[in-house]
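**Q**
Protein chains: 2
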Amino acid sequence: MAKIIKLNHIAVAVTDIAEALEFWENALGIKLDHVEDVPSQKAKVAFLPIGESEIELVQPTSQDTGTARFLETRGPGMHHLCFEVDDIDGMLADLKTKGIRLINEEPLELDGRKLAFIHPKCANGVLIELYEITNKKIPTDS
Amino acid sequence: MAKIIKLNHIAVAVTDIAEALEFWENALGIKLDHVEDVPSQKAKVAFLPIGESEIELVQPTSQDTGTARFLETRGPGMHHLCFEVDDIDGMLADLKTKGIRLINEEPLELDGRKLAFIHPKCANGVLIELYEITNKKIPTDS
């Protein structure tokens, strides 16, 4: 059966990454790995690894995104958490069988990974991303 | 300098642990370690380890708690995240020097651990717990 491997990241919605890094990097001392423009998410993201997980600071670059709407209605804060899974297709099929509402019925494929979101209504108000790294797989000849 | 070791847990505020476990344990497949009454927090807590971290489902047992007020005003959802640190006194001293607002200026001591909360106003709306396990230390003769 498909299973969760680890907590991949916690995404924090912020209005200004440079300002947010004053706290997360300079005050708290979590070393910034890099900041990246992520056009597919219409966001700029700062990646701060901590142990086997990451804090991701997400600053929307367009008003037309879930994160921008979240910021507008609730202000900055924890936006979602992401679990890395070993088999996202199997996991989604299993969740559907169990009646769990999914935002993405089929995984989105993006840069060597597949991802899908579970609806927070089914997860105690928590927006959960499931994430499978696919480009680590060794290709077979068959 | 004091530093963060890992993400210890993410606390999710829920109204009913048994109902919440239907999702986190039965649907998502995270194995429940145990459920515990935590009188100091006026809460019942379900511990679900995942990799080096944990999901903690927190159901308040009194209306007179921050978690109960959180549930009342915002509904269930991610309540706080907790970082394990190697030296909480050093970390708090450092944060104070840097002008970071703390909920607990001095750590609370509880069952072999010391903990303190950073005010969410200074942390992009995220309530952050700092946590040091102290009963692992080997006592010296001096």
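If you read the sequences in order, they're chains Z and H. The first sequence maps to residues 49 to 190 in the working numbering. The second sequence maps to residues 49 to 190 in the working numbering. Positions of the beta carbon are idealized from the N, C-alpha and C atoms, including for glycine. Here the structure is a predicted model, which is why all the values come from computation and not from measurement.
1) Kindly indicate which residue of H:157, H:151, H:155 has the alpha-carbon position closest to the one of residue 174 of chain H.
2) Quick one: any contact between the segment 156–171 of chain Z and the segment 95–112 of chain Z, if contact means 3 or more CB pairs under 8 Å?
3) Identify which residue in H:90, H:56, H:98 has its Cα closest to the Cα of residue 133 of chain Z.
4) Assuming residue 128 of chain H and residue 180 of chain H are in contact, meaning their beta carbons sit under 8 Å apart, how far apart are those beta carbons, in whole angstroms?
5) Starting from residue 75 of chain H, find everything on chain Z with Cβ-Cβ shorter than 7 Å and list it in chain order.
6) Quick test of the definition: if touching needs 3 or more C-beta pairs under 8 Å, does the segment 99–106 of chain H touch the segment 65–80 of chain H?
7) What does DSSP give as the partner residue(s) for residue 54 of chain Z in the beta ladder?
8) Any beta-carbon of chain H closer than 8 Å to the one on residue 94 of chain Z?
9) Could one say the Cβ of residue 155 of chain Z lies closer than 8 Å to chain H's Cβ atoms, at least one of them?
10) Going along the segment 81–109 of chain Z in order, which residues come within less than 7 Å of chain H, judged by CB to CB distance?
11) Starting from the beta carbon of residue 52 of chain Z, find every residue of chain H whose beta carbon is closer than 9 Å, and list them in chain order.
12) Starting from residue 129 of chain Z, find everything on chain H with Cβ-Cβ shorter than 8 Å and list it in chain order.
13) Is residue 48 of chain Z helix, strand or coil by DSSP?
14) Does any CB atom of chain Z fall closer than 8 Å to the CB of residue 152 of chain H?
15) How about residue 65 of chain H and residue 94 of chain H: are their beta carbons less than 8 Å apart?
16) Hey, residue 130 of chain H and residue 148 of chain H are a contact pair by Cβ (cut 8 Å); roughly how many whole angstroms apart?
17) Since residue 82 of chain Z sits in a beta bridge, which residues does DSSP pair it with?
18) For residue 73 of chain Z, which of helix, strand or coil comes out of DSSP?
19) What do you reckon, are the CB atoms on residue 62 of chain Z and residue 126 of chain Z nearer than 8 Å?
20) Of the residues that make up the segment 158–176 of chain Z, which ones have a beta carbon closer than 7 Å to any beta carbon in chain H?
21) Quick one: using the 10 Å Cβ neighbour count with 16 as the cut-off for buried, is residue 139 of chain H buried or exposed?
22) If we cut at 8 Å on Cβ distances, does residue 55 of chain Z have a partner in chain H?
**A** Let me spell this out:
1) For the purposes of this step, residue 174 of chain H is taken as the residue at position 126 of the second sequence. The option with the nearest alpha carbon to residue 174 of chain H is H:151.
2) Segments in contact, no.
3) Mapped onto the first sequence, residue 133 of chain Z falls at position 85. Of H:90, H:56, H:98, the residue nearest in Cα terms is H:98.
4) Within the second sequence, numbered from 1, the residue matching residue 128 of chain H stands at position 80. Within the second sequence, numbered from 1, the residue matching residue 180 of chain H stands at position 132. Here residue 128 of chain H is actually not in contact with residue 180 of chain H; their C-beta atoms are around 16 Å apart, not less than 8 Å.
5) What you label residue 75 of chain H is simply residue 27 of the second sequence in a count that begins at 1. Taking a Cβ-Cβ threshold of 7 Å, the residues of chain Z close to residue 75 of chain H are 143, 146, 148, in chain order.
6) The segment 99–106 of chain H and the segment 65–80 of chain H touch, with no fewer than 3 CB-CB distances between them shorter than 8 Å.
7) As a position in the first sequence, residue 54 of chain Z is number 6, starting the count at 1. The partner list for residue 54 of chain Z (beta bridge, DSSP) reads Z:132.
8) Residue 94 of chain Z sits at position 46 when you count from the first residue of the first sequence. Residue 94 of chain Z does not count as touching chain H.
9) Here residue 155 of chain Z is taken as the residue at index 107 of the first sequence, counted from 1. By this cut-off, residue 155 of chain Z is not an interface position.
10) If the cut-off is 7 Å between Cβ atoms, the segment 81–109 of chain Z has 98, 99, 100, 101 near chain H.
11) Numbered from 1 along the first sequence, position 4 holds the residue referred to as residue 52 of chain Z. Simply 76, 77, 78, 98, 99.
12) By one-based count along the first sequence, residue 129 of chain Z stands at place 81. Neighbours of residue 129 of chain Z across chain H, judged by C-beta separation under 8 Å: 58, 126.
13) Past the boundaries of the shown model lies residue 48 of chain Z; chain Z is included only from 49 to 190, so the question cannot be answered.
14) Against the second sequence, residue 152 of chain H aligns to sequence position 104. Residue-level contact check: residue 152 of chain H does not touch chain Z, since none of the beta carbons of chain Z fall below 8 Å from its beta carbon.
15) For this step, residue 65 of chain H is matched to residue 17 along the second sequence. For this step, residue 94 of chain H is matched to residue 46 along the second sequence. Yes, these two residues count as a Cβ contact at 8 Å.
16) Counted from its first residue, the second sequence places residue 130 of chain H at position 82. Counted from its first residue, the second sequence places residue 148 of chain H at position 100. The beta-carbon separation of residue 130 of chain H and residue 148 of chain H, rounded to 16 Å, does not stay under the 8 Å limit for a contact.
17) Stepping through the first sequence from its first residue, residue 82 of chain Z is reached at position 34. Beta-bridge pairing links residue 82 of chain Z to Z:95.
18) Position 25 of the first sequence, counting from 1, holds the residue named residue 73 of chain Z. Three-state DSSP puts residue 73 of chain Z in a helix.
19) Start at 1 with the first residue of the first sequence, and residue 62 of chain Z comes out as number 14. Start at 1 with the first residue of the first sequence, and residue 126 of chain Z comes out as number 78. Using a Cβ distance threshold of 8 Å, residue 62 of chain Z and residue 126 of chain Z do not count as a contacting pair.
20) Under the 7 Å Cβ criterion, the segment 158–176 of chain Z contributes 170, 171, 172, 173, 174.
21) Mapped onto the second sequence, residue 139 of chain H falls at position 91. With 16 or more Cβ atoms within 10 Å of its Cβ, residue 139 of chain H is classed as buried.
22) Position 7 of the first sequence, counted from the start, is the residue given in the question as residue 55 of chain Z. Residue-level contact by beta carbon holds for residue 55 of chain Z and chain H, with a gap shorter than 8 Å.
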